[in-house]
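For reference, the structure discussed in these notes is given below.
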Amino acid sequence: MNADQTLEPAPAQTHVLAAVQAHDALPETRLLDGEPSTVVALSRVLACTPERAWELLTTPEGLAAWSPCVPDRPLDSLGPALLKENPEDDAVDGTVEVAESPARLVQRWGPEHLDWRLAPMDQGTQLDPVMHCISDEMAAACGAGWHVCLAVLEVLARGENAERVVGYDAFAYGWEGMNASYGAALGQSA
């Protein structure tokens, strides 16, 4: 982060900050030690249909609005995909292992494994992403990062405008504190 970057969300993004803060990092999150990975499970209710949630999870356009990784193709079919956080970044190899529209998406990128489960409910869609991470440190960082990104997804699912929050921009939304909280829950010292 450079000296001229701010640690405050833009005024137009205060609804995203509210969505981040609506989910205390730990009460809504189960952190489990697993072999051979550490698992972070998050749950959110999206105010949209499962079909709309599926679009936001699988299309490059949908993912570019909220996700830290944007693929070179829709993730609605099995097989390889290249993912980038920013257009100028080097691509990371990814693979779609399960694509069951609009109920389940299982994907890998690099060493990380994500299992997204969607279920219809009266209020919209129950979204239960489970992340399998290679270390406790990575689980804490991913948990904090996904916590922020899922807040943007919640806002978009309500039909409101929001800007994607990735990289150092996440610091303005409490990423550092959430990373420390996730780390403490996993037994990491400060």
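Per numbering that gives the first Met the number 0, the very first residue in the sequence shown carries number 0; after that it's consecutive. Where a beta carbon is used, it is the ideal one built from N, C-alpha and C, also for glycine.
How long is the line joining the alpha carbons of residue i and residue j, rounded to whole angstroms?
i, j, result
"tyrosine 172", "alanine 183", "19 Å"
"aspartate 135", "leucine 113", "16 Å"
"tyrosine 181", "proline 79", "31 Å"
"proline 26", "serine 42", "For proline 26, the pLDDT reaches just 32, beneath the cut-off of 50, and the residue's location in the model is therefore unreliable, leaving the point undetermined."
"asparagine 1", "alanine 118", "Note that asparagine 1 has pLDDT 49, beneath the 50 cutoff, so the model's placement of it is unreliable and no number is given."
"glutamine 12", "valine 95", "31 Å"
"proline 70", "leucine 62", "8 Å"
"arginine 29", "valine 129", "Residue confidence for arginine 29 is low, a pLDDT of 48 falling below 50, so the modelled location carries little weight and cannot support an answer."
"arginine 107", "glutamate 60", "19 Å"
"valine 19", "glutamate 54", "22 Å"
"serine 188", "leucine 16", "27 Å"
"alanine 46", "serine 66", "17 Å"
"alanine 102", "valine 91", "25 Å"
"arginine 163", "valine 151", "7 Å"
"aspartate 89", "leucine 81", "9 Å"
"alanine 179", "leucine 155", "27 Å"
"alanine 21", "glutamate 153", "11 Å"
"cysteine 141", "tryptophan 115", "15 Å"
"proline 8", "alanine 161", "11 Å"
Which residue marks the beginning of the beta strand (DSSP E) containing residue i, and which one marks its end?
i, result
"glutamate 111", "111 to 120"
"tryptophan 108", "103 to 108"
"glutamate 99", "91 to 99"
"alanine 45", "Per the sequence shown, residue 45 should be read as leucine rather than alanine. First-last of the beta strand (DSSP E) with leucine 45: 43 to 45."
Could you check which residue in the options has the C-alpha nearest to that of residue i?
i, options, result
"leucine 56", "Ala40, Pro73, Ala46 and Ala138", "Pro73"
"glutamate 175", "Ala139, Ser188 and Leu149", "Ala139"
"glutamate 111", "Leu117, Gly93, Ala98 and Met120", "Gly93"
"glutamate 87", "Val44, Ala179 and Cys68", "Cys68"
"alanine 40", "Leu149, Ala63 and Glu159", "Leu149"
"valine 38", "Trp65, Leu77, Trp145 and Glu54", "Trp145"
"alanine 64", "Ser76, Asn178 and Asn85", "Asn85"
"alanine 143", "Ala9, Glu54 and Ala169", "Ala169"
"serine 76", "Ser66, Ala98, Thr58 and Val91", "Ala98"
"tyrosine 167", "Glu159, Asp89 and Val147", "Val147"
"serine 36", "Gly109, Ala21 and Cys132", "Cys132"
"glycine 109", "Pro101, Trp115 and Lys83", "Lys83"
"methionine 120", "Pro8, Ala9, Ala156 and Val44", "Val44"
"glutamate 159", "Gly186, His14 and Ala179", "His14"
So what does residue i bridge to, in DSSP terms?
i, result
"glycine 123", "Met120"
"leucine 82", "Pro70 and Val91"
Could you check where the alpha helix (DSSP H) with residue i kicks off and where it finishes?
i, result
"leucine 77", "Here leucine 77 belongs to no alpha helix (DSSP H), and DSSP marks it neither H nor E."
"arginine 51", "49 to 57"
"glycine 176", "174 to 184"
"glutamate 153", "135 to 156"
"alanine 171", "Careful: alanine 171 lies outside any alpha helix (DSSP H) and carries neither H nor E."
"glutamine 20", "13 to 21"
Can you find at least 3 beta carbon pairs, one from the region 119 to 129 and one from the region 42 to 54, that sit closer than 8 Å? Touching, yes, given that three or more Cβ pairs across the two stretches are closer than 8 Å.
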